[in-house]
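Working notes for the structure below.
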Amino acid sequence: MDALKALIVDDEADFLETLIKRMKKRRLDVTGVTGAGQALALLAAEPFDVVVLDVRMPEMDGITLLQQIKERYALTEVIMLTGHASMEVAVRGMELGAFDYLMKPVDIDELIYKLQDAYQKRLLQQQKIKEIESLKGGQ
Amino acid sequence: MPSIRDTLQRWLRRPAPQGPAPDVEALRLAFQARYHQFKLLLNANNKALELMSEIEAALSGTQAFGMTFVRSRLTRISTSVFAVVRHMNELAPGGYGALFERFKAIQHEINPHVRIRETVAQGPLVIPLGEVRPDMADQVGAKMANLAEICRRVELAPPEGFVVTAAGFARFMTHSDLQTEIARLLQTADIQEPDELYALSARIQQLIVQAEVPGDLVRAMTEACQALSGEDARPPTLAVRSSALGEDEPGTSFAGQYRSELNVNPEHLLQAYKTVVASKYGVTAMSYRLTRGIREEDVAMCVGCMRMIEARSAGVLYTRSPLDARNDDLTINAAWGLPKSVVDGSVASDLFVVRRGPPLAIGERQVRDKQRKFVCYPDEGVCRLDTVAEERLQPSLNDDQILALARVGLAIDAIYAAAQDIEWAIDARDRLHLLQCRPLPQTPPAGESSGPAGNTAAAPLVASGGQTASAGVAAGPVYVVRKDADALGFPSGAVLVAAQALPRWAPMLSRAAAVVTEQGSIAGHLANVAREFEVPAIVGLEGAVERLGGQAAVTVDAGSRSVYAGRIETLLGPGAKPRNLMAGSPVYAALRQAAEQVIPLTLLDPDSPNFTPENCRTFHDLTRFCHEKAVHEMFRFGKDHAFPERSSKQLHAEVPMQWWVLNLDDGLAQETEGPYAHLDNIVSIPMRALWEGITAYPWEGPPPVDGRGMMAVMFQATANRSLVPTVRTRFANRNYFMISRHYCSLQSRLGFHFCTVEALVSERRTENYASFRFKGGAADLARRIQRVAFVGALLEPYGFQVALREDALAARIEQYDQPVMCDALRLLGYLIIHTRQLDMIMAAPNSVAFYRRKLEDQIARLLTVIKPSPLPAPFSGDAP
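Protein sequence lines, in the order shown, are assigned to chains A and B. The first sequence begins at 328 in our numbering and counts up by one. The second sequence begins at 22 in our numbering and counts up by one.
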């Protein structure tokens, strides 16, 4: 689990800073950015296992960003984390493939559990793909 | 007798795998992936159940909640249920697509109750008061609509000014997305916590005060101001008052919760306007809306801007008694200068009581020492002055003024055919002005509880006097409030004691047992709120802070205006149930209606042909269905694949047992290919705990019963052999454990009852749970029902939440640390074995008592951490 690499996107700089600090104390490899543009640029440069997204951001809303990430990096898991309590947006996010939709204030342990679960899902999926490829290669 | 080999061979006989031998690694991976899905499904299911019980608690309890709570819980539960459905479909692709359609349909039903309704505020941003008509209450607020109407009806000079309308408010709040940001702030704070509420209130108000007023609204307000200019072309100073939608509805008393800005220079009108708008998020107003279940979005803050009246004397007139519906005397509270001192309870005021007559007559006058008064500065603002010596003890109204005021009061009372609360002022030219007018809530006459009925002869009197602001008797520890910070620590059930009856103490009233203040009048805001919350209150009790401050606890008899030391039980009588102010409110209705699509469980019987996705009518049905099917799918997957590592194995504890084990993931220390799962090799934490309970004490067989011969035969038939090694039992009697390191599910049929245990126990405390279902028996229904009640009563003291329905029991315990969870599982294992056939003795009270003692005894010795408590233990840690 130590290898988990996460990216957190939230336009609220204070919140982001505190969260990153707390997660680093728990020895997690996390990076924080405050906007969708930065997030996409970073994802293009290096792979992340899990991305945590705020739903409402000025530059590009979280749902659009979720869509773009899922289109470009299908195996990257996305967790929505937001202060926006909307049933419709939550379900929309889930339908678009978000791993979960969490609401602020979130318990830090709860968030880490979700990160680990999402990471494990990604690992299992990667292994499965490898397995299929090796089968194909064998034929 | 068939050998073990026969049994096993029959068990292991299944279709040979098709095609090439499966890649072991691929299968192992497939198992792992499925188990991961399964675990996520369990987590989501558990979360959904937790949220359902939170919603149920909110609907049944007296705890206040707002739309923020409603929306966040329904958003969370939708997410969890969606996750359950998705994991189900990933677990068994193709079979359960219809669940998504059901989910969508149910969500569609919930939506109207939780959606944020866009306020359709139409019409002008500003309306002159002269053009306000009674049917404009939804544009200008009831307060301004009433005031304009009343002045017209009683032929008083109409107030000069204008109202910034609900449309104006909407314009302001949508400009720069203010409303969205506020919703976000509300969502992320816990306003049940006083310190968070104070911080949040300050932050939102700051946000509003700093926000830009859009240009069109600025123009409209400036023009309206110019229109008020007198001959010297200078617009007058203004009184800027709230007139929120819903503010003066019958049964609610927003009085004094919102700010009024007095004597505002027109140059600073925008700032004053924003300050009044911001007071929608004052602590008082926010906690009031919360306790009364009023939706944020229903409160549009209209603001009245009126020419400031320079009052010589002013105050509040009640056209009837607020305390006793049978008393129709008029009461006038009056003071020198502006009415502020009467309304905010900060200065002593004169009291005049006028009998209706005819003829109208002044019945009572209490002229107080009015040390201070509020007056207008010439340019802007108000100041507090020391009253000059001769004015202090003079009545602030003469008899003519009192009677004239009373006549106006009577006229207004007649128009509305109901008691009214009227704020008035008399200017230097002796002209009467009405400033506000609203319905006065009257409490039904208090039972004559105080006085002779209660024996108070022996009770030590601490203080007496003042006025009854809200009748009733209550006791509690004394808590003196001097400054805002004191309010943060106000303990629930305390008696609030303060020098002044300030409106800002109101948020504490929902938690206060009683209120005693030195200043203030029954017409003040705090008194209004005390009546509304039915909190006994005495105002104007001299020396209260000093005299009560030294007492640990007091009993307040507000009706007889007396305070006694300690708890005087003879006065207190049977405790009245706290009133649930939420019931019937819009917020409560929204949650109740949404919950109808969430909570009820209509899919009860998994064996029924109706147990299908199409028949899921609620979120609870969806989770119940998916949980059942997921367990089934996991079991079937293990069975259907010729994968020795993951087929079920017979439990081997010294000898083979009639219990089977299916390893889902990492439940065994070492994978084995043989037919047995040796107990030493099992590392499933919950299963080991459960097994310890199962085997802790030998079962002594069915209880002795004096029954008819028929019954005896039944016992013979059911004498359970499942714990006896190597005896063949019927397929249906098998007991299966499905395990992983942190998970265990047990399906067992022992004798005539059927039970399931499911548990997840890991270092993730918040995800831990154990659930237990128990049903059936061989005795008649009445005794089976008695048995589940018996079992439930054994579980509850150990922290289980128990639900009984006919002869079925469902119990849950969750979110405890691993040692507690293991104890809980030991208890369940023990009960599975030792409550067998106890249904047979349920009709004999002596036997029941005997078995209860015996079981309780053994349980106490079995458990290592949990001790029984008379009440269900609270969740440890930070559970809600």
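Cβ atoms here follow ideal geometry from the backbone N, Cα and C, with glycine treated the same way.
Original post:
Under 8 Å Cβ-Cβ, which residues of chain B neighbour L451 of chain A?
Top reply: Locating residue 451 of chain A in the first sequence gives position 124, where the first residue counts as 1. Within chain B, the residues whose beta carbon sits less than 8 Å from that of L451 of chain A are L50, Q53, A54, H57, listed in sequence order.
**OP:** Flag M350 of chain A as yes if its beta-carbon sits less than 8 Å from any beta-carbon of chain B, otherwise no.
**Re:** If you number the first sequence from 1, residue 350 of chain A lands on position 23. Not closer than 8 Å to any Cβ of chain B, the Cβ of M350 of chain A fails to qualify, so no.
**OP:** May I ask you to list, following chain order, the residues of the stretch 784 to 812 of chain B that have a beta carbon less than 9 Å from some beta carbon of chain A?
**Re:** R785, R786, T787, E788
**OP:** Could you tell me how far apart the beta carbons of L442 of chain A and L429 of chain A are, in whole angstroms, since I believe they sit closer than 8 Å?
**Re:** Against the first sequence, residue 442 of chain A aligns to sequence position 115. Against the first sequence, residue 429 of chain A aligns to sequence position 102. The pair is not a contact, with the Cβ atoms about 10 Å apart (cut-off 8 Å).
Original post:
Taking only beta-carbon atoms, is K463 of chain A less than 8 Å away from chain B?
Top reply: Position 136 of the first sequence holds residue 463 of chain A. Chain B contact via Cβ: absent.
Original post:
Which bits of chain B does Y446 of chain A rub up against, with CB to CB less than 7 Å?
Top reply: Translated into positions along the first sequence, residue 446 of chain A becomes position 119. Here the premise fails: no neighbours, minimum Cβ distance about 11 Å.
Subject >> Beta-carbon proximity list for H134 of chain B, same chain, < 7 Å, skipping 5 on both sides >> reply: If you number the second sequence from 1, residue 134 of chain B lands on position 113. Once the five neighbours on either side are set aside, the close Cβ partners of H134 of chain B are A611, Q614, A615.
Original post:
By Cβ distance, which residues of its chain are closer than 8 Å to L12 of chain B, with the 5 residues on each side in sequence left out?
Top reply: Within the shown structure, residues of chain B are numbered from 22 to 901, placing residue 12 of chain B beyond reach of any answer.
Original post:
Between the stretch 286 to 294 of chain B and the stretch 157 to 167 of chain B, do at least 3 Cβ pairs fall closer than 8 Å?
Top reply: no
Original post:
I think L266 of chain B touches V324 of chain B, with their Cβ atoms under 8 Å apart; what is that distance to the nearest whole Å?
Top reply: Along the second sequence, read from residue 1 onward, the residue named residue 266 of chain B stands at position 245. Along the second sequence, read from residue 1 onward, the residue named residue 324 of chain B stands at position 303. Rounded, the Cβ-Cβ distance is 12 Å, inconsistent with contact.
Subject >> Any chain B beta carbon closer than 8 Å to Q365 of chain A >> reply: Residue 365 of chain A sits at position 38 when you count from the first residue of the first sequence. No, because no Cβ of chain B sits closer than 8 Å to the Cβ of Q365 of chain A.
Original post:
Which class does C765 of chain B belong to by DSSP, given the choice of helix, strand or coil?
Top reply: As a working mapping, residue 765 of chain B is identified with position 744 in the second sequence. C765 of chain B: strand per DSSP, three-state reduction.
Original post:
Of all Cβ atoms in chain B, is any one closer than 8 Å to the Cβ of A412 of chain A?
Top reply: For the purposes of this step, residue 412 of chain A is identified with residue 85 of the first sequence, where counting begins at 1. It does; some Cβ of chain B falls within 8 Å.
Original post:
Below 8 Å, can you find three or more Cβ-Cβ pairs linking the stretch 116 to 129 of chain B to the stretch 142 to 155 of chain B?
Top reply: no
Original post:
Exposed or buried, what is D434 of chain B when buried is set at 16 or more other beta-carbons lying within 10 Å of its beta-carbon?
Top reply: Locating residue 434 of chain B in the second sequence gives position 413, counting from the first residue. With 16 or more Cβ atoms within 10 Å of its Cβ, D434 of chain B is classed as buried.
Original post:
Could you give the residue range of the beta strand (DSSP E) that holds C404 of chain B?
Top reply: The sequence position of residue 404 of chain B within the second sequence is 383, counting from 1. DSSP places C404 of chain B inside the beta strand (DSSP E), whose first and last residues are 403 to 407.
Original post:
In whole angstroms, what separates the C-alpha of K457 of chain A from that of A445 of chain A?
Top reply: As a position in the first sequence, residue 457 of chain A is number 130, starting the count at 1. As a position in the first sequence, residue 445 of chain A is number 118, starting the count at 1. Going by the C-alpha atoms only, they are around 19 Å apart.
**OP:** With DSSP as the reference, please indicate the residues paired to K332 of chain A in a beta bridge.
**Re:** Here the question's residue 332 of chain A lines up with position 5 in the first sequence. Under DSSP, K332 of chain A shares a beta bridge with A:D356.
Original post:
If you count every other CB in all the chains shown that lies within 10 Å of the CB of Q691 of chain B, and 16 or more means buried, which is it?
Top reply: Looking up residue 691 of chain B in the second sequence gives position 670. Exposed.
Original post:
Leaving out the 5 sequence neighbours to the left and right, which residues in its chain are closer than 6 Å to Y718 of chain B when beta-carbon positions are compared?
Top reply: Taking the first residue of the second sequence as 1, we reach residue 718 of chain B at position 697. If we look at Y718 of chain B and ignore the five residues flanking it on each side, its Cβ neighbours are Q879.
Original post:
Can you tell me whether DSSP reads G267 of chain B as helix, strand or coil?
Top reply: Residue mapping note: residue 267 of chain B aligns to position 246 of the second sequence, counting from 1. G267 of chain B falls in the coil class under three-state DSSP.
**OP:** Classify I330 of chain B as buried or exposed, calling it buried when 16 or more other Cβ atoms lie within 10 Å of its own Cβ.
**Re:** The residue labelled residue 330 of chain B in the question sits at position 309 within the second sequence. It is buried - the Cβ of I330 of chain B has at least 16 other Cβ atoms within 10 Å.
Subject >> Proximity below 8 Å, CB of L61 of chain B to CB of Q454 of chain A >> reply: Here residue 61 of chain B corresponds to residue number 40 of the second sequence, with the count starting at 1. Here residue 454 of chain A corresponds to residue number 127 of the first sequence, with the count starting at 1. In this structure, Q454 of chain A does not lie closer than 8 Å to L61 of chain B by Cβ.
Original post:
Going by alpha carbons, who is nearest to L852 of chain B out of B:D420, B:R657, B:E713, B:S334?
Top reply: Looking up residue 852 of chain B in the second sequence gives position 831. The candidate whose alpha carbon is nearest that of L852 of chain B is B:E713.
Original post:
Are the stretch 543 to 557 of chain B and the stretch 353 to 373 of chain B touching by the rule of at least three beta carbon pairs closer than 8 Å?
Top reply: yes
Original post:
What number of angstroms, rounded off, separates the C-alpha of V676 of chain B from the C-alpha of A831 of chain B?
Top reply: Within the second sequence, numbered from 1, the residue matching residue 676 of chain B stands at position 655. Within the second sequence, numbered from 1, the residue matching residue 831 of chain B stands at position 810. The straight-line gap from Cα to Cα measures roughly 33 Å.
Original post:
Which residues bound the beta strand (DSSP E) around D578 of chain B?
Top reply: The residue given as residue 578 of chain B occupies position 557 in the second sequence. First-last of the beta strand (DSSP E) with D578 of chain B: 574 to 578.
Original post:
Do we get a CB-CB distance below 8 Å when we pair D436 of chain A with the residues of chain B?
Top reply: Against the first sequence, residue 436 of chain A aligns to sequence position 109. The beta-carbon of D436 of chain A is placed less than 8 Å from the nearest beta-carbon of chain B.
**OP:** Verify whether the separation of the beta carbon atoms of M73 of chain B and I862 of chain B is less than 8 Å.
**Re:** Along the second sequence, one-based indexing puts residue 73 of chain B at 52. Along the second sequence, one-based indexing puts residue 862 of chain B at 841. Contact flag unset, no.
Original post:
Do we get a CB-CB distance below 8 Å when we pair E460 of chain A with the residues of chain B?
Top reply: Working through the first sequence from its first residue, we reach residue 460 of chain A at position 133. It does not: the Cβ of E460 of chain A has no partner Cβ on chain B nearer than 8 Å.
**OP:** Please list the residues of the stretch 80 to 107 of chain B that have a C-beta atom closer than 8 Å to any C-beta atom in chain A, keeping them in chain order.
**Re:** T89, R92, S93, L95, T96, R97, S99, T100, F103, A104, R107
Subject >> From B:L120, B:T96, B:G115, B:P114, residue whose alpha carbon lies closest to that of V106 of chain B >> reply: As a position in the second sequence, residue 106 of chain B is number 85, starting the count at 1. Answer by Cα proximity: B:L120.
Subject >> Separation of Q463 of chain B from Y764 of chain B, as counted between CA atoms >> reply: As a position in the second sequence, residue 764 of chain B is number 743, starting the count at 1. As a position in the second sequence, residue 463 of chain B is number 442, starting the count at 1. For Y764 of chain B and Q463 of chain B, the distance between alpha carbons rounds to 60 Å.
Original post:
How many angstroms separate the CA atom of N64 of chain B from the CA atom of M384 of chain A?
Top reply: Sequence index remark: in the second sequence, residue 64 of chain B carries index 43 (1-based). Sequence index remark: in the first sequence, residue 384 of chain A carries index 57 (1-based). Taking the straight line joining both Cα atoms gives about 29 Å.
Subject >> Whole-Å CB distance - S485 of chain B paired with V584 of chain B, under 8 Å assumed >> reply: Numbered from 1 along the second sequence, position 464 holds the residue referred to as residue 485 of chain B. Numbered from 1 along the second sequence, position 563 holds the residue referred to as residue 584 of chain B. Rounded to whole angstroms, the Cβ separation of S485 of chain B and V584 of chain B is 7 Å, and the two are in contact under 8 Å.
**OP:** Using only alpha-carbon positions, find the residue among B:L177, B:R770, B:G378, B:L359 that is nearest to Y398 of chain B.
**Re:** In the second sequence, counting from the first residue as 1, residue 398 of chain B sits at position 377. Nearest option by C-alpha distance: B:L359.
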